[in-house]
Structures are given as C-alpha cells and as structure tokens.
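These notes are about the structure you will find just below.
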Amino acid sequence: MVRTLNPLCDRIGLPTVEAVVRDFARRQAEDPVLAPWLAHAAGDEEHLATVMDYWWTAMGGRLDRPPRPVDMMGRHADLALTETALARWLALFETTLADHLDTAEANDWAAMARAMAEKLRASGLIHPD
C-alpha cells in the first residue's frame with residue numbers, strides 16, 4: 017500500500033489562507049469580547065502577514081522566502097488572556113473557517129487552532145476569568 021500525503025496547504029491554497037486570516041482579523045476587531053485584547057494589532061499588515069506565514073507553514077506550505085519569525089508565546093505573554101477570551105477566539109475562528117471552507121478543511125484547520133490554544137493554556141498564558 018502506498019501512502020499519499022494530502023497536506024492541508026494543498027487542499028486550501030494560500031489565497032484562501034490569506035482571505036481567512038484577513039476576514040478573521042476584521043471579525044476580531046468588531047467583536048466586543050476580543051477587540052480590547054487585539055486593538056494593538058488592528059490594521060497591522062506586518063502582524064497579518066506573520067499570522068498568514070504561521071498558518072501556511074504550519075499546514076505544510078512553503079514560502080519563496082524565509083517565514084517571518086513567530087514568537088507566539090512571547091507575543092501573547094503580556095495580554096493577560098482569559099478562558100472566556102480564548103473560548104470566544106476559538107468559536108469566532110471556527111465560524112470564520114466554516115464560512116470560507118468545506119467542512120473537512122474547516123475541521124482540520126480548527127483542530128490546529130485548538131492545539132495552539134492548548135499550548136497557550138499549558139504555558140500558563142491563559143488566566144481564569
């Protein structure tokens with residue numbers, strides 16, 4: 017039996033990753049729970065580009081240049097994020113994914129986001145409400 021890899025990056029494509037990241041950033045900026053935590057990054061093209069690079073390479077995608085450096089734990093350390101904010105972030109992200117992707121791709125990307133959320137929890141960066 018030959019195993020065939022089907023990376024998420026190939027199933028979604030970079031233009032769709034970019035569209036999802038931009039739409040999600042817009043939704044976060046409009047969300048009453050998330051907007052206060054993310055005001056520092058609203059409209060920041062470098063931040064959006066870093067997020068796009070992160071997701072694209074995490075999905076197995078390759079860039080024609082080195083990816084922008086990502087220090088996810090360091091970038092979130094001073095935000096004092098709460099469980100409520102993280103739960104809202106995940107719910108809004110999953111809604112955004114569902115609006116842009118087929119169910120299988122949305123579920124796969126959402127699983128990656130949930131794993132990222134668990135890393136933030138495990139690092140002690142998510143605070144009780």
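Quick note on the working numbering: the sequence shown kicks off at 17 and runs consecutively.
Glycine residues also receive a C-beta, built at the ideal position from the N, C-alpha and C atoms.
The model shown is predicted, which means the values in this text are computed figures rather than measured ones.
(request) State the DSSP-derived secondary structure class of residue 98, mapped to helix, strand or coil. (result) Start at 1 with the first residue of the sequence shown, and residue 98 comes out as number 82. Note: residue 98 maps to strand in three-state DSSP.
(request) Compare the beta carbon distance of residue 84 and residue 66 with 8 Å and say whether it is the shorter of the two. (result) Numbered from its first residue, the sequence shown carries residue 84 at position 68. Numbered from its first residue, the sequence shown carries residue 66 at position 50. Residue 66 sits close to residue 84, with the two beta carbons spaced by under 8 Å.
(request) Determine the direct distance from the alpha carbon of residue 59 to that of residue 97, and round the result to whole angstroms. (result) Indexing the sequence shown from 1 puts residue 97 at position 81. Indexing the sequence shown from 1 puts residue 59 at position 43. Roughly 20 Å between the two C-alpha positions.
(request) Measure the C-alpha to C-alpha separation of residue 25 and residue 41 and round it to an integer number of angstroms. (result) In the sequence shown, the residue the question calls residue 25 occupies position 9. In the sequence shown, the residue the question calls residue 41 occupies position 25. So the two alpha carbons sit approximately 20 Å from each other.
(message) Buried or exposed, going by whether 16 or more other CB atoms sit within 10 Å of the CB of residue 75?
(response) The count along the sequence shown starts at 1 and reaches residue 75 at position 59. So residue 75 counts as buried.
(request) Select from 121, 109, 142, 116 the residue whose C-alpha is nearest the C-alpha of residue 129. (result) By 1-based counting over the sequence shown, the position of residue 129 is 113. It is 109 whose Cα lies nearest to the Cα of residue 129.
(request) Taking residue 44 and residue 51 to be in contact with their CB atoms under 8 Å, please state how far apart those CB atoms are, rounded to whole angstroms. (result) Stepping through the sequence shown from its first residue, residue 44 is reached at position 28. Stepping through the sequence shown from its first residue, residue 51 is reached at position 35. About 7 Å separates the two Cβ atoms, so the contact holds.
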